[in-house]
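Trainee: Sharing a structure here in structure tokens format.
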Amino acid sequence: MSNEEKMREEYQIGVAQVPFEEQLCFDKNWILYLNQPEQINHFICVVCKQVANSPVEINCPQHGDTYGTLFAGENCLKQFLHSNNNNCPVQYHSDCKYSKNKLAQKRINDLDVKCSRQFQHDLQIFGKNEEGQISENATMTCDFQGKIKDLADHLNFHCPLKLLNCWFQPFGCNCSCLRYELEDHLISKMKYHFDLVMMKFESMRHILQQQQEKTKLLKSENEKLKLELQKKQCEENLNNNFVHQEKISTISNLEVLLSSLNSIKNLTGHTLCVNGIDCATLDYNKQLLCSGSNDNTIRVWDIKTANQIKCFNEHSDQVIGVKFSKYHNNKAICSSSDDKTIKFWKIDKKKNNDNGNDSNNNKAFQILNGHSGGVCGIEFSPFNEGKYLCSASKDTTVRLWDIESSKTLHVFSGHSYGVWCVDFSPLRHNHSNNIGGSGYSFCSGSFDSTIRVWDIKSQKEVIILKGHEDIIWCVQYSPYQLGNIILSGSYDKTVRLWDTRSKKQIHKFGGHTNWIKSVQFLPFVNNQKVNNEYFICSGSSDNTIRFWDVRANKELYLIKGGDKKDGGISCIKFLPLKNNNTFNLCYGSVCGSINIWG
């Protein structure tokens, strides 16, 4: 391989691929001024017929060595390819091959030339004679003669024919002239330059005046904003002080209310743990309480007299959940049991015998079958007047039932272990034609330590809340904050609050020494003395009920079970009083007793 071939850098050129410099090929007449034709004949550009600048060798296999070694200047080749769809400038074909030739570039760079500005100056000032010789008659000349490779440095830094910009160009004079002409220009155009400077000065003075006026206006606005900000800060401080005082007052009032609670009634009859309680006021103005127990019975109590008025004992296993049926206007009770059934029982005005038993009146009038494991928590829908029932089961599913038809509408699967508790999102529209109305959901707590949120309309799981470290025994939606907050209690001895919008835990309360079986939001937001929106309570197997301040994230008050024989708190319920805006607190115990505090 020849030295020339070794120096080649083979590459294929396309219009977009070659980094051409924006330079023309060299004027052949200019080059011939100091060189012989045989020195440049091999480097003539095939496009413009001048001496190639940045030569590119054309070596397409289509025409091989037919024409010898052919060159084109980079800029000329670029323009030709762009205008001719990348077709070869030698023969009209596509897929041309081109390569840079460093040896040719070196030989061209070593050619001797005179100053290109002087050459152009000579062509403009002097005419050619018949023999092509140039006669000289110039006032300013450049005597540079050197290599092409040195020309750029000469033109940029040393050439006396380089045009210089007028010193007053920043003020608007666009004149360019030779170095020796610049002084004459500055003297002859002195008044013109002075006028330009004064115009610029006036323009800048006007701009400065505008900026000063703008600054003055901004300072005035800033002072106004400063005064408004100070006023708002004062108002905010007053408001914060008011809120702080209100918070202190609220806590104080609640503490007074809680400290005044005492055990006022004890309902006895169950022989084993009470798993669930509920209360209702019937249309004949009687407040009733129902309870379900591990002794397989459901019992109904008159709250005023503390007497048992009904006992239903058809379940063959422990009763876990009990609710007054909204669908039956609270004149029936719904119960769930480890015997895998859900049953409905009528409440008659007629009083049973002294033990609350009446074999003619304690039969279930409706039974829902479908779960393959024990049925745990149950909840009636807050929409469609309680027509739908949600049930959690140890078979790992949650079912939605149509009470009217006794049929399952949908089975919700997703938990990996049994499901213990469920709760519906709060009431939005009492009369909705759709199941779930607009945007209703329910949440479920499981033995798998997760809380899952399900959209009723789409029948899909939408959120999984993880954080608890053991079985979740209880969940409840907040009746406040548009129903976006879920309260939960667990076997891990903690109470937690979750925000369904961020899908994250927002509070964790620790203090119980045993598992937590029941949680509740405090009722009655409209109480003028106590805003209960910021307080929750929890009942635990450690035989305590604890009240928590959500804003301060700490325990506010503690109530101990009335008797060590209680064995622990298994469920809690707030009982609204008919005659005033307050409540009684009811709890069921592990030993079977039910206590009312007021």
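Each residue of the sequence shown is one higher than the one before, starting from 1 at the first, in my numbering.
Note that beta-carbon positions come from the ideal geometry of N, C-alpha and C, so glycine has one too.
All of these numbers come straight from a predicted model, not from anything done at the bench.
(1) Buried or exposed for alanine 104, going by 16 or more other Cβ atoms inside 10 Å?
(2) What three-state label does DSSP hand tyrosine 477 in the structure shown?
(3) Helix, strand or coil for glycine 172? Go by DSSP, reduced to three states.
(4) Quick check: what's the CA-CA separation for asparagine 433 versus cysteine 421?
(5) Near threonine 281, what residues of its chain come up, given a Cβ to Cβ distance below 6 Å and the 5 sequence neighbours on each side ignored?
(6) Taking all protein chains shown into account, decide if lysine 310 is buried (16 or more other Cβ within 10 angstroms of its Cβ) or exposed.
(7) For valine 47, which residues from the same chain have a beta carbon less than 6 Å from its beta carbon, with the 5 sequence-adjacent residues on both sides left out?
(8) Let me check one thing: in DSSP terms, what residues is threonine 397 bridge-paired to?
(9) Return yes when the Cβ of cysteine 115 is within less than 9 Å of the Cβ of cysteine 142, no when it is not.
(10) Using a threshold of 9 Å, state whether the C-beta atoms of leucine 24 and asparagine 53 are closer than that.
(11) Pull up the CB-CB distance for isoleucine 298 and phenylalanine 312, whole angstroms please, since I reckon it's below 8 Å.
(12) Given this structure, state the Cα-to-Cα distance separating lysine 573 from isoleucine 277, to the nearest angstrom.
(13) Measure the C-alpha to C-alpha separation of tyrosine 192 and leucine 164 and round it to an integer number of angstroms.
(14) Within 10 angstroms of its Cβ, does asparagine 330 collect 16 or more other Cβ (buried), or is it exposed?
(15) Bridge partners for leucine 389 per DSSP, in chain order?
(16) Taking the C-alpha atoms as reference points, what is the distance between isoleucine 451 and arginine 546?
(17) Helix, strand or coil for glutamate 602? Go by DSSP, reduced to three states.
(18) Do you know how far the Cα of leucine 229 is from the Cα of serine 538?
(19) Rounding to the nearest angstrom, what Cα-Cα distance links asparagine 199 and threonine 215 in this structure?
(20) Leaving out the 5 sequence neighbours to the left and right, which residues in its chain are closer than 6 Å to glycine 132 when beta-carbon positions are compared?
(21) So what does DSSP say about glycine 73, is it helix, strand or coil?
(22) By DSSP, does histidine 507 sit in helix, in strand, or in coil?
(23) In the DSSP assignment, find the unbroken alpha helix (DSSP H) run with asparagine 156 in it and report its ends.
(24) Provide the residue(s) that pair with alanine 332 in DSSP beta bridges, ordered along the chain.
Mentor: So, to answer that:
(1) It counts as buried.
(2) The three-state secondary structure of tyrosine 477, taken from DSSP, is strand.
(3) Looking at glycine 172 - three-state DSSP - the assignment turns out to be coil, as it is neither helix nor strand.
(4) For asparagine 433, the pLDDT reaches just 45, beneath the cut-off of 50, and the residue's location in the model is therefore unreliable, leaving the point undetermined.
(5) Hits under 6 Å: Gln287.
(6) Around the beta carbon of lysine 310, 16 or more other beta carbons lie within 10 angstroms, which makes this residue buried.
(7) So the qualifying residues of the chain are Ala72, Cys76, Phe80, Pro89.
(8) Ser413, per the DSSP bridge assignment.
(9) When the beta-carbon positions are compared, cysteine 142 and cysteine 115 come within less than 9 Å of each other.
(10) Going by C-beta atoms, leucine 24 is nearer than 9 Å to asparagine 53.
(11) About 4 Å separates the CB atoms of isoleucine 298 and phenylalanine 312; that is less than 8 Å, so the two are in contact.
(12) Approximately 7 Å, taken between the alpha carbons.
(13) Cα to Cα, the separation comes out at about 18 Å.
(14) With a threshold of 16 other beta carbon atoms within 10 Å, asparagine 330 meets it and is buried.
(15) Checking the DSSP bridge columns, you'll see leucine 389 partnered with Phe380, Trp401.
(16) Roughly 22 Å separates the two Cα atoms.
(17) The chain is shown only over 1 to 598; residue 602 falls outside these bounds and no answer can be derived.
(18) Their Cα atoms are separated by approximately 44 Å.
(19) A small correction: the amino acid at residue 199 is methionine; asparagine does not occupy that position in the sequence shown. So the two alpha carbons sit approximately 24 Å from each other.
(20) Because glycine 132 carries a pLDDT of 46, less than 50, the predicted location of this residue cannot be relied on, and the following value inherits that uncertainty. For glycine 132, there are no CB contacts under 6 Å within the same chain when 5 residues up- and downstream are skipped.
(21) Here glycine 73 sits in strand by DSSP.
(22) Collapsing the DSSP output to three states places histidine 507 in a strand.
(23) Per DSSP, the continuous alpha helix (DSSP H) segment holding asparagine 156 begins and ends at 151-157.
(24) Per DSSP, Lys346.
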